[in-house]
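Numbering (this note's numbering), first residue to last: 1 to 115. Don't be surprised by glycine CBs; every beta carbon is placed ideally from N, CA and C. All values reported here derive from a predicted model rather than from experimental measurement.
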């Protein structure tokens, strides 16, 4: 069993033991991902690069929890939609490789259509 399948199984068991599938439709799952991502972003809002580095050192546990919340919802949403997360990520990486060839994109933050 892959690590993704294993953790997804744990997520689904947690959800199902609480009878929460009724609340986990695609719209609500997508909203939850954005809300958790916003909570992650809040840790960095208005801070300089130096302040962020200090903040991370002092608040890594809270940041880790927000990242985990995002991943939990994402893994479940992918499963609910019948999307293999590992293969979806691999396919997206291939698309990104085509959009951002090393010889054009290395060291740049330019969007692919402007390279």
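Nearest-angstrom Cα separation, counted from residue j out to residue i
i           : j           : result
residue 54  : residue 108 : 27 Å
residue 105 : residue 83  : 29 Å
residue 88  : residue 96  : 12 Å
residue 94  : residue 114 : 19 Å
Beta-carbon proximity of residue i to residue j, cut-off 9 Å
i          : j          : result
residue 37 : residue 70 : yes
residue 80 : residue 24 : yes
Cβ distance (whole Å) where residue i is taken to contact residue j below 8 Å
i          : j           : result
residue 86 : residue 33  : With 8 Å as the limit, residue 86 and residue 33 do not qualify as a contact, their Cβ atoms being about 18 Å apart.
residue 99 : residue 112 : 4 Å
Alpha helix (DSSP H) segment containing residue i, residue limits
i          : result
residue 2  : Here residue 2 belongs to no alpha helix (DSSP H), and DSSP marks it neither H nor E.
residue 58 : 49 to 80
residue 21 : First-last for residue 21: undefined, no H or E at that position.
residue 41 : 26 to 42
residue 85 : 85 to 99
So, do the stretch 58 to 66 and the stretch 1 to 19 have three or more beta carbon pairs nearer to each other than 8 Å?
No: fewer than three Cβ pairs fall under 8 Å.
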